[in-house]
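Participant: The structure that follows is given in the form of structure tokens.
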Amino acid sequence: MTPLTTPVSSLTATEIEQTVTLVREAGLAGESVRFVYIGLLEPHKQQVLAFQAGTGPRPDRQARVLLLDTTTGDARDVSVDLTTGAVATIVDVDGSRGAMPIMAEEFMSVEGILAQEPAWVEALARRDLTTEQVRCAPLSAGVFGLPGEKGRRIIRVLCFATLAPDAHVWAHPVDGLSAYVDLIEKKATEVIDIGIFPLPQEPSTFHLPQGRPAPLETLKPIEITQPDGPSFQVQGDRITWANWSLHFGFDAREGLVLHHVAYTDPDHDGELRPVIYRASIAEMVVPYGDPAPVRFWQNYFDAGEYLFGRYANSLTHGCDCLGEIHYVDVDLADELGNVQQIPNAICLHEEDYGTLWKHTDIYTPNSAEVRRQRRLVISFFTTVGNYDYGFFWYLYLDGRIECEAKLTGILFTTAYRGLREWPYAGEVAPGLGAPFHQHLFSARLDMMVDGVCNAVDEVDAARVPLSSENPYGNAFSYTRTRIASEAQGVRSADASVGRTWHIVSTERTNRLGQPTGYVLRTEQNPTLLADPSSSIAARAAFTTRELWITRYASEERYPAGEFVNQNPGGDGLPAYVAGDRPLDGEDIVLWHTFGVTHFPRPEDWPVMPVDHARFSLTPYGFFDRNPTLNVPADTARHHGGPCHHGA
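Read in the working numbering, the sequence shown has 117 at position 131, and its numbers run on one by one without any break.
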């Protein structure tokens, strides 16, 4: 990763090594102990801001370490003070409120464990398969109050047949069969076999020459060139571009993290105005809607259970990113405590984005003007099992911020039974089904609009009834409601009134006397579709509403709680808002749920074209006027002249 520039810069390779050494020297990591997670334990926001303002000392550097003994199941949450060179705290994690995330080592062990289980071997034999012919897909355990579940480190397993070398196994689900595996005792606690279903035979061959259609010869190359280089500058983990500046980092759990997102305002003598203190995808869950006895438990918390940042891709120029690219390597720790570098994990580039503004005036035709929009793109891709996720943060010239999740990869499949017989999956290839499911993300947005004293207004479009004031019925307006406390700050979107949420400063106004602010605009897609009484609704309560608003607390980091794996629910956002802290004029954090509901289609097979989920933060009264009047007319060399007429 990059050199330290702020107290919240990600851990360096040297700091990771120092952390592991201190943990080992404290006798906390014997041969059977694994480093499930190592990451920066960020200092309190006020400490960081005081240091940046020159009114406080530089905060100590601390690392958080999650440890798991793979022979006993003992787990510890440890903090290490890198400034003093000592272990600071040790907390035993007893599993009553969740367990350690699932490790890659455990993924790899499941097939060997099941190969020794007679019930599993016999179930495969009834299907004319051997253990060597199947691959197991470990999933999250969930919490369902089933016998043998409590107190165990459980994982539930489905499997897929390998019918051809190098072909994707997802094409051949061995349906009707699953197993529950105790990862500490290394044995199956239960094998569930509800019957034999036909094994789908059509291969997934998009990556094999014989399985692909002829190349589309009519497509000509697209070359993105910037002869003078990119318009952004990178110094360590700080980026400056146009009027924007920010810092970026990377975490094994959250992936890409943005800090100190601020805008230099030319209308205010170049003042650097803060917008967001910290932004990340703090959690995501993929709940499946198939109630079959072998699948009812199927859902993934890809951040909290699997640490999706750890599986970031090494990106390739010209394939993953196109144009004048700046790549950043990422240093993480593997489960043995060794530094694991992911080359080209983060991609930085800028893109043309069409028209920024334009006008041709009938009265002054010689003053026709147009400007081009462009955006800075900061992104990474991660692969968790069968799905690939890209997370893209965009900064625009006009002060807008967007976050977009891109979903691609291969569907998680099942044998298809027919919609009439089993209306919970779609047929994507002959005999091959894909269960209905959702991808729901939680963006944690630690806001700082012109400072830490902010508030949130809910704004709805409003019809105006016929009256003496509105005799022709054409009038409409809006309502604005200040959200006073956390109990009121659990909000649902409403497309019928175009609901938005305005994050405003309670201390600063623009030249019109209006509070400076940003508006959160959402896509207004379905939230969690599972029954409110279900296990997944309790465990992923954050997905039941589009917006949760909390007052900042340094320990409130994740919407589903600290330990998501095998957590019974109630942690995270429900616990955070229980105190009903006031929000008006406070340091606030927004937690926005967004995502897609996926009813798979034939076009999603054998590889899924990218689907998109996004939201935006748009300035609303933050500026005194259009902030892009200083954007110059395009004088690109390929068209030979400026994009304006007249003087």
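Each residue gets a CB set at the ideal place from its N, CA and C atoms; glycine is no exception.
When the Cβ atoms of the region 148 to 157 are set against those of the region 173 to 191, are three or more pairs found closer than 8 Å?
Facilitator: Verdict: yes, contact present.
Participant: Comparing C-alpha positions only, which one of P588, Y349, H245 sits nearest to V(-6)?
Facilitator: Checked all of P588, Y349, H245; the closest Cα to V(-6) is H245.
Participant: So, with DSSP's three-state summary, where would you put E455?
Facilitator: In this structure, E455 counts as coil in the three-state DSSP scheme.
Participant: Assign F580 to one of three DSSP states: helix, strand, or coil.
Facilitator: Of the three classes helix, strand and coil, the one that applies to F580 here is strand, per DSSP.
Participant: With a threshold of 8 Å on Cβ separation, who are the neighbours of Y349 within its own chain once the five nearest residues in sequence on each side are excluded?
Facilitator: If we look at Y349 and ignore the five residues flanking it on each side, it has no Cβ neighbours.
Participant: In whole angstroms, what separates the C-alpha of M(-13) from that of A(-1)?
Facilitator: Its pLDDT being 49, under 50, M(-13) is placed unreliably in this model, and the value from its coordinates should be taken loosely. Those two C-alpha atoms are separated by around 7 Å.
Participant: Please name the residue, chosen from P613, V107, N551, that lies closest to R239 on a Cα-to-Cα basis.
Facilitator: Of the listed residues, the one whose Cα sits closest to R239 is N551.
Participant: With DSSP collapsed to three states, give me the class of S365.
Facilitator: The answer is strand: DSSP assigns S365 an E or B state.
Participant: What's the gap between the Cα of S478 and the Cα of L533?
Facilitator: Their backbone Cα atoms lie some 6 Å apart in a straight line.
Participant: Check whether the region 375 to 385 touches the region 222 to 242, counting contact only when three or more Cβ pairs, one atom from each stretch, lie closer than 8 Å.
Facilitator: The answer is yes - the region 222 to 242 touches the region 375 to 385, with three or more Cβ pairs under 8 Å.
Participant: So which of A470, D557, R587 has the shortest CA-CA distance to I396?
Facilitator: Here the closest residue by C-alpha is R587.
Participant: Given a threshold of 16 other Cβ atoms within 10 Å of its Cβ, counted over all protein chains shown, does G632 qualify as buried or as exposed?
Facilitator: At G632 the pLDDT is 45, less than 50, meaning the model places this residue with poor confidence; the figure from the coordinates comes in the next sentence. Classification for G632: exposed.
Participant: What residue range is occupied by the uninterrupted alpha helix (DSSP H) comprising I522?
Facilitator: Its alpha helix (DSSP H) spans residues 521 to 525.
Participant: Tell me the rounded alpha-carbon separation between I24 and V51.
Facilitator: Each residue's Cα considered, the two are about 5 Å apart.
Participant: Go ahead and pull the three-state DSSP assignment for I2.
Facilitator: Helix, per DSSP.
Participant: Going by C-alpha to C-alpha distance, which of P43, L258, L53, A289 sits closest to S266?
Facilitator: The shortest Cα separation from S266 among P43, L258, L53, A289 belongs to A289.
Participant: Could you please give me the residues that DSSP links to L125 through a beta bridge?
Facilitator: Beta-bridge pairing links L125 to R142.
Participant: How big is the Cα-Cα spacing for Y544 and L35?
Facilitator: Approximately 22 Å, taken between the alpha carbons.
Participant: What's the gap between the Cα of P512 and the Cα of T368?
Facilitator: The straight-line gap from Cα to Cα measures roughly 24 Å.
Participant: May I ask you to report which of helix, strand or coil DSSP gives M(-13)?
Facilitator: Reliability fails at M(-13), whose pLDDT of 49 lies under 50, so the model's placement of it is uncertain and the value that follows must be treated cautiously. Three-state result, M(-13): coil.
Participant: Three-state secondary structure (DSSP) at D55?
Facilitator: In the structure shown, D55 sits in a strand (DSSP, three-state: E or B).
Participant: With burial defined as no fewer than 16 other Cβ atoms inside 10 Å of the residue's Cβ, what is the status of D237: buried or exposed?
Facilitator: So D237 ends up on the buried side.
Participant: Taking Y562 as part of the alpha helix (DSSP H), name the residues at either end of that continuous run.
Facilitator: Taken as a continuous stretch (DSSP letters only), the alpha helix (DSSP H) holding Y562 covers 559 to 562.
Participant: Can you list, in chain order, the residues of its chain with a C-beta nearer than 6 Å to that of L258? Leave out the 5 residues immediately preceding and following it.
Facilitator: So the qualifying residues of the chain are A248, T250.
Participant: Give me the residue from S453, L515, F21 with the minimum Cα distance to A49.
Facilitator: The option with the nearest alpha carbon to A49 is F21.
Participant: In or out: A619 buried (at least 16 other Cβ within 10 Å) or exposed?
Facilitator: A619 comes out exposed.
Participant: Count the other CB atoms, across all protein chains shown, that sit within 10 Å of the CB of R77; report buried if there are 16 or more and exposed otherwise.
Facilitator: According to the sequence shown, residue 77 is Val rather than Arg. Label assigned to V77: exposed.
Participant: Counting C-beta neighbours from all protein chains within 10 Å, is the total for F427 16 or more, i.e. buried, or is it exposed?
Facilitator: Buried: at least 16 other Cβ atoms inside 10 Å.
Participant: Is it right to say A147 is buried, meaning 16 or more other beta carbons lie within 10 angstroms of its own, or is it exposed?
Facilitator: A147 should be labelled buried.
Participant: Using DSSP bridges, identify the partner residues of S428.
Facilitator: Answer is E269, T579, bridged to S428.
Participant: Rank T7, T(-9), S82 by C-alpha distance to the C-alpha of V325 and give the top, closest one.
Facilitator: Minimum Cα distance to V325 is reached at T7.
Participant: Does the distance from the C-beta atom of G503 to that of S520 stay below 8 Å?
Facilitator: Not closer than 8 Å, so no.
Participant: CB-CB under 8 Å to W106, same chain, minus the five flanking residues each way: which ones, in chain order?
Facilitator: Closer than 8 Å at the Cβ level, and outside the excluded window around W106, lie L100, T117, A165, A174, V177.
Participant: Are I311 and V442 touching if we call contact CB-CB under 8 Å?
Facilitator: Cβ distance not < 8 Å, so I311 and V442 don't count as in contact.
Participant: If you reduce the DSSP assignment to three classes, tell me which class R600 lands in.
Facilitator: Three-state DSSP puts R600 in a strand.
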